[in-house]
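Presented below is the structure to which this report refers.
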Amino acid sequence: MTMRIGVEVGGTFTDLVQYDGAEVTISKVPSVPSSPDEGVFAALVAAGSDLAALDELTHGSTVAVNAILERKGARLGFITTKGFRDILLLQRHDRLRMFDLFYRKPEPVVSRLDAIEVDERIFADGAVERALDLVATREALMAFLAARKLDAVAICLLNAYANPVHERAVRDLLHAIDPELFVTCSSEVGREFREYERASTTTLAAYVQPTVNRYLGRLENRLEEADFRGRLSIMQSNGGCLPVEGIRQNALVTLFSGPSAGVVGAIRQVASDETRNLITLDVGGTSADVCLVTDAQPEMINETSIDGLPVHVPVIDIVSVGAGGGSILWADEGGMLRVGPDSAGAAPGPICYGRGGERPTLTDAQLVRGALPGDALLAGSMKLAYEPAQRRLAELAARFDMTAEALSDSAVRIANANMIAAIKAISTERGKDPRDYALVAFGGAGPLHATELADELGITTVVIPPFPGVLSAYGLLVSDHHVSDSRTRLTPVDAAAADIVRAIHAELAVQAGGRLRALGIEGDIETSFALDMRFSGQAFEIRVPLEAGDLARLTAQSIRLRFHEKHHQLYQHGLEDKGKPVEIVAFRMETWRRQREFPHLKLPRSDSTSNSRQGRVFQDGRWNDCPILPRESITRETSLHGICIIEDRTSTALIGADWTVGVDQRDNIVLRKVR
111 MTMRIGVEVG
121 GTFTDLVQYD
131 GAEVTISKVP
141 SVPSSPDEGV
151 FAALVAAGSD
161 LAALDELTHG
171 STVAVNAILE
181 RKGARLGFIT
191 TKGFRDILLL
201 QRHDRLRMFD
211 LFYRKPEPVV
221 SRLDAIEVDE
231 RIFADGAVER
241 ALDLVATREA
251 LMAFLAARKL
261 DAVAICLLNA
271 YANPVHERAV
281 RDLLHAIDPE
291 LFVTCSSEVG
301 REFREYERAS
311 TTTLAAYVQP
321 TVNRYLGRLE
331 NRLEEADFRG
341 RLSIMQSNGG
351 CLPVEGIRQN
361 ALVTLFSGPS
371 AGVVGAIRQV
381 ASDETRNLIT
391 LDVGGTSADV
401 CLVTDAQPEM
411 INETSIDGLP
421 VHVPVIDIVS
431 VGAGGGSILW
441 ADEGGMLRVG
451 PDSAGAAPGP
461 ICYGRGGERP
471 TLTDAQLVRG
481 ALPGDALLAG
491 SMKLAYEPAQ
501 RRLAELAARF
511 DMTAEALSDS
521 AVRIANANMI
531 AAIKAISTER
541 GKDPRDYALV
551 AFGGAGPLHA
561 TELADELGIT
571 TVVIPPFPGV
581 LSAYGLLVSD
591 HHVSDSRTRL
601 TPVDAAAADI
611 VRAIHAELAV
621 QAGGRLRALG
631 IEGDIETSFA
641 LDMRFSGQAF
651 EIRVPLEAGD
661 LARLTAQSIR
671 LRFHEKHHQL
681 YQHGLEDKGK
691 PVEIVAFRME
701 TWRRQREFPH
711 LKLPRSDSTS
721 NSRQGRVFQD
731 GRWNDCPILP
741 RESITRETSL
751 HGICIIEDRT
761 STALIGADWT
771 VGVDQRDNIV
781 LRKVR
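Taking this note's numbering, I'd label the letters of the sequence shown as residues 111 to 785.
What follows is the structure, encoded as structure tokens:
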């Protein structure tokens, strides 16, 4: 029996889920954007957590992503090979906004004045073409550090992914000059090619590392003062957690920890033998995040971006749009109503929170149109201020010659359209039919939008977990320890390819197992292995999974066949091109230490309907009367049909007219479309 806690710091609320081996406890408190650890400890106090008895606390936060978006990271230096000083400014030739006449490339996090070149050269096969002059390099680095007053340094030397010897030598020189300096090497962040993407990823990792380390240090000190002796783990973007010592090696892996935790929570709570294909919809205070889960596995990608800058780290493939509860309603220059992407966040928050917010938000609109009942207690305790929200929305509505409730309903429809576009981006635009999936709605506002989105997309099953507002924190609680490893090595698929694949698989397996053991992670280890492959001459690769049992009997012919089949599955051609040369670009391994036993979220039961009451919601241009029901009153025997509002401590659900309401064995509400 172990005691575990998951704490997720969101843009508006900080959520906690605690499991003591027998019972699950939740708490939800307002976030403190200026000091996220304050929200963490407020949630611990609200849950009555005994930190001295705690075995593991898993934490997800926005510290790294905020440091980049707000440009509040370290004063950073950049060290690269002679001739490559401008790589961060040159970037690629593509444009993020094709028809913007005033377009400017994304601004890197390090200035050109803070960049220095060293005279060395390594070939793409790892051979040293020009050795590093240690004496001259040391003198140049001493002068550079004395002049620039840096907090951290990123080292990205040409082809260091193939041979990191020069990067390590430069790192050692820097540590000898200034032992307190944060130093990040590209070969330690990721052993993959493509110089600009490597440089961008390395500088971003170095940029956030001091900020994240300071935050983790504060958190550890406060936990230690509270007699916590367990393990502090941090959520990564790949859907797994790592002990804090691993995050101190590369904090960039935590960029999208909150949304990733939500996907993990949805899979663990909802996925079953009957329901394994899911579209997750996480609508929080700032954004709506969607992800496609096929056969209980989320889609993964190896590259994403933040603030326009590429990041090469494994992440769950999540598409986000600015349509959260705090998204601000406004009129653009053309007089059109818009929703987001700017958000009121936690401070000051929506007008109805009564904390000084003055700009109407999507939450205010849901309140005024009745989807959020005026007498509801948000997060179980927060009273909503209807009158100020209604007044400000009426002022905005006057610009459109509309009533406040009609404008509110229109704003919700606009937000829904943005969410639908995001869902199509991960499904129909990638050859997947959303009608083959169940929509899992969570976050504080996800269940408010679920059936309306499903109606538009033709989805016939919607699932709402218990306590949907804290599902991301639950995902932290039940997450596995996870490391990702990769290696770029251009390998033609010839007679020697199978032996090379087996050798690199063995090398990565030893490396990953060693990393986990060094972090104190023991137990059964699982791995998955894949190859990034392409036709020779192509610039982009596809991922080809390999099963462990396939390695022993692997041949060049079977490798090519797997590639052709995968290529045909994605692009509907490739099987006819079996004579064309094929190459392996990168080798990838994912390694987990699984949690074999974990709790599911359960609700206390109450057969009483004394808390039921009547409400009304403005929808389709008119007011519709509907019952408002407490979540606890809905059991497996419950059968509802028609518009209704269901409330629990963490979220409110609006059920459309043509949906039936039931409950499955895990206490998930299951909504089915009436055909």
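The beta-carbon is built from N, C-alpha and C at its ideal position, and this holds for glycine as well.
On a predicted model such as this, the values are computed, not experimentally measured, just so you know.
DSSP places M699 in the strand class (E or B) of the three-state scheme. P320 has its alpha-carbon roughly 13 angstroms from the corresponding atom of R181. Take the alpha-carbon of I438 and the one of L200: they are about 35 angstroms apart. Around the beta carbon of F650, fewer than 16 other beta carbons sit within 10 angstroms, so the residue counts as exposed. Residue pairing by DSSP places L739 opposite I756 in a beta bridge. Going by C-alpha positions, M492 is about 8 angstroms away from Y463. In the three-state reduction of the DSSP assignment, I357 falls in the helix class, which pools H, G and I.
Going by C-alpha positions, G466 is about 8 angstroms away from G459. Shown here, V155 sits in a helix according to DSSP, grouped into three states. Contact between E515 and V478 holds, since their C-beta atoms are separated by about 6 angstroms, short of 8 angstroms. In the structure shown, A441 adopts extended strand secondary structure according to DSSP, grouped into three states. Looking at the backbone, the Cα of D392 and that of T414 are separated by about 19 angstroms.
In this structure, I631 lies near H591, with their beta-carbon atoms less than 7 angstroms apart. For the alpha helix (DSSP H) assignment, the uninterrupted runs of no fewer than 4 residues enclosed by the stretch 240 to 274 are, from N- to C-terminal side, 244 to 258. For N734, the three-state secondary structure derived from DSSP is strand. Short of 6 angstroms from the beta carbon of T570, and not among the five residues preceding or following it, lie these beta carbons of its own chain, in chain order: K783.
About 6 angstroms separates the Cβ atoms of L402 and I389, confirming a contact at the 8 angstroms cut-off. The alpha-carbon of V727 is positioned some 28 angstroms away from that of P544.
Residue burial annotation: W733 is exposed, with fewer than 16 other C-beta atoms found within 10 angstroms of its C-beta.
Shortest Cα-Cα distance from G579 to any of S761, V173, A152 and V220 involves S761.
Note on the stretch 500 to 578: whole beta strand (DSSP E) runs with a minimum of 3 residues are 548 to 552 and 571 to 574, in chain order.
Of all alpha-carbon atoms in T637, R185, I530 and S159, the one lying nearest the alpha-carbon of R222 is that of R185. Of all C-beta pairs linking the stretch 352 to 366 to the stretch 420 to 434, three or more are shorter than 8 angstroms, placing the two stretches in contact.
The three-state secondary structure of V449, taken from DSSP, is strand.
Around the C-beta of H615, 16 or more other C-beta atoms lie within 10 Å, and the residue is accordingly described as buried. At the C-beta level, I753 and T561 stay beyond 7 angstroms of one another. Cβ-Cβ distances below 8 angstroms link R332 to D147 and F151 in the same chain, with the five nearest sequence neighbours on each side left out; the list follows chain order. It is roughly 20 angstroms from the alpha-carbon of P602 to the alpha-carbon of M699. Nearest in C-alpha terms to R663, of all of R625, A608, K688 and L342, is A608. The three-state secondary structure of G766, taken from DSSP, is coil.
Between Q379 and H710, the gap from beta carbon to beta carbon is short of 7 angstroms. For the options A246, G183, I610 and D634, the alpha carbon positioned closest to that of L641 is the one of I610. Following the DSSP letters along the chain, one finds E675 inside the alpha helix (DSSP H) bounded by residues A666 to Y681. Checking the DSSP bridge columns, you'll see F728 partnered with W733. Taking the Cα positions, T311 is about 12 angstroms away from G418. When secondary structure is reduced to three states using DSSP, R599 falls in the strand class.
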